[in-house]
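Residue numbers (UniProt numbering): 1 to 455.
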């Protein structure tokens with residue numbers, strides 16, 4: 001192998017490593033009718049086979065087989081076949097990126113709203129705007145705030161969502177004589193007041209519980225949509241909103257003592273599911289995946305009642321909730337991009353019909369929404385949680401979904417920095433000013449290093 005060839009492959013791996021930073025894991029819609037019996041760029045006699053990038057483990061799962069089957073069911077002459085790429089997790093993501101950059105053919109890729117922008121920057125995804133325009137496809141009506149763009153272009157159609165909600169212990173609220181959270185009026189101020197009252201119910205009880213994940217350090221700043229990058233491309237962590245968010249998190253444990261402080265949280269290695277397992281925590285703001293987890297009463301038996309409400313708001317009447325969308329993109333190396341686009345539409349419109357999926361769509365009928373949430377409501381019958389409450393907290397069209405993660409240059413490193421620097425402040429090893437200064441300085445360096453790698 002020539003030196004030039006070797007260097008080219010080394011460079012390819014380096015760029016791919018930068019691109020995959022932060023990557024996550026790997027029915028009839030009744031409304032649009034856009035995919036009913038359609039047959040893109042082929043006659044009824046032809047079958048178009050599209051390559052869906054996946055791992056060997058995922059390809060073997062029935063859920064993946066059911067997902068791929070949706071395409072042939074809806075389009076008739078288009079079907080997906082798994083393109084097996086070895087590896088799992090980060091290793092798999094890196095191999096997908098390298099394969100795309102090498103020009104290997106594939107058609108459809110799973111993405112999420114915090115990672116697809118890296119792939120789009122490297123021109124590894126096909127912009128979908130022209131297909132959507134020619135198709136007269138009303139993405140705003142169908143997906144609402146679930147849609148996202150990058151550089152004013154659409155690269156992914158969202159299929160499912162995970163949004164932050166407030167899980168709360170009704171028994172502790174009752175003991176503290178505190179009203180349950182009201183979706184129309186619940187704010188962080190009311191969250192804090194409830195946490196204070198609940199913490200005083202009895203020893204060992206906390207009114208709040210938060211984890212050491214990056215999103216907890218920047219709750220209100222992200223709900224306010226404060227940019228994490230300045231116009232000049234540097235980080236924006238010298239904006240007072242980020243210091244305010246950081247202080248709010250630390251004060252809950254250190255000053256107000258309504259949740260475990262960082263030192264106790266880390267030293268005791270408190271698990272994410274303490275809310276479900278202890279019965280001594282009043283409120284837990286977390287992705288609604290935790291609500292679905294709580295449906296398993298064998299793993300999480302409870303003798304207390306739980307409630308689910310909207311994520312607390314900065315201001316009364318707000319609807320900004322942190323979340324993340326999963327969806328599908330057309331690969332830049334696809335040899336049949338029109339068919340791939342049609343298949344992506346099918347997946348985005350219909351994956352919600354498979355078990356355990358909460359749709360990104362906001363245009364479903366009441367009957368369809370019941371189909372999504374009734375199994376959850378049935379599982380929580382003893383708690384008194386209704387379909388209407390679940391919809392209001394998770395799938396209400398008025399919810400303004402903001403990214404729970406930073407998206408942009410250096411995002412993987414910056415995500416880690418937010419947690420590590422935040423922990424130092426919350427454990428009283430640094431002042432707030434020192435923390436924000438260090439976070440900005442290190443984030444700026446991460447941005448420079450990331451951009452240098454990609455270039």
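Using N, Cα and C, we set each Cβ at its ideal position, and we do this for glycine too.
Note that the structure is a prediction, hence the values are computed from the model and not measured.
Check for me: the beta strand (DSSP E) holding residue 357 runs from which residue to which?
No beta strand (DSSP E) contains residue 357, which DSSP labels as neither H nor E.
With C-beta atoms as the reference, is residue 319 less than 8 Å away from residue 399?
Going by beta carbons, residue 319 and residue 399 fall inside the 8 Å limit.
Are there 16 or more other CB atoms within 10 angstroms of the CB of residue 49, so buried, or fewer, so exposed?
By the 16-neighbour rule on beta-carbons within 10 angstroms, residue 49 is exposed.
Under 8 Å Cβ to Cβ from residue 359, same chain only, skipping five residues before and after it: list those, please.
159, 160, 161, 351, 352, 372 and 395
Determine the closest residue to residue 53 out of 256, 430, 107 and 444, with distance taken between C-alpha atoms.
107
Paired residues, beta bridge with residue 153 - DSSP
150
Are the Cβ atoms of residue 68 and residue 116 separated by less than 8 Å?
By the CB criterion at 8 Å, residue 68 and residue 116 fall outside the cutoff.
Given this structure, state the Cα-to-Cα distance separating residue 306 from residue 347, to the nearest angstrom.
33 Å
Cβ pair residue 446, residue 405 closer than 8 Å:
no
Burial state of residue 432, where buried means 16 or more other Cβ atoms lie within 10 Å
By the 10 Å Cβ count, residue 432 comes out exposed.
Segments assigned beta strand (DSSP E), at least 3 residues, entirely inside the segment 192 to 261
none
Do residue 83 and residue 51 have their C-beta atoms closer together than 8 Å?
Residue 51 is positioned such that its CB atom lies closer than 8 Å to that of residue 83.
Whether or not the segment 377 to 396 and the segment 130 to 141 are in contact is what I'm after, with contact meaning three or more pairs of Cβ atoms, one per stretch, closer than 8 Å; do they touch?
no
For residue 189, tell me which candidate among 402, 426 and 313 has the shortest Cα-Cα distance.
The option with the nearest alpha carbon to residue 189 is 313.
With 16 as the cutoff for other CB atoms within 10 Å, does residue 435 come out buried or exposed?
buried
Please classify residue 245: is it buried, with 16 or more other beta-carbons within 10 angstroms of its beta-carbon, or exposed?
By the Cβ neighbour-count rule, residue 245 is buried, with 16 or more other Cβ atoms within 10 Å of its own.
Going by CA-CA distance only, name the one from 120, 270 and 236 that's closest to residue 460.
There is no way to answer for residue 460, as the model of the chain reaches only from 1 to 455.
Quick check on the DSSP output: the beta strand (DSSP E) that includes residue 50 runs from which residue to which?
48 to 54
DSSP state of residue 329, grouped into three classes?
strand
Closest Cα partner of residue 216 within the set 280, 198, 429 and 287
287
As a quick exercise: from 226, 153, 317 and 142, pick the residue whose alpha carbon is nearest that of residue 397.
Comparing alpha carbon positions, the residue from 226, 153, 317 and 142 closest to residue 397 is 142.
Quick check: residue 98 and residue 329, are their CB atoms within less than 8 Å of each other?
No, the Cβ-Cβ distance between residue 98 and residue 329 is not below 8 Å.
If I'm right that residue 187 touches residue 315 with Cβ under 8 Å, what's the distance once you round it to whole angstroms?
Rounded, the Cβ-Cβ distance is 7 Å, consistent with contact.
Do you know offhand how far residue 113's Cα is from residue 293's?
23 Å
Contacting residues, own chain, Cβ-Cβ under 7 Å from residue 263 (five flanking each side not counted)
427
Pair within 8 Å by beta-carbon distance, residue 85 and residue 60
no
Quick one: what does DSSP say residue 166 is sitting in, helix, strand or coil?
strand
Bridge partner(s) assigned by DSSP for residue 81:
51
Would a C-beta distance cut-off of 8 Å place residue 213 and residue 416 closer than the cut-off?
no
Measuring CB to CB, does residue 283 end up less than 8 Å from residue 207?
For the pair residue 283 and residue 207, the CB atoms are nearer than the 8 Å cut-off.
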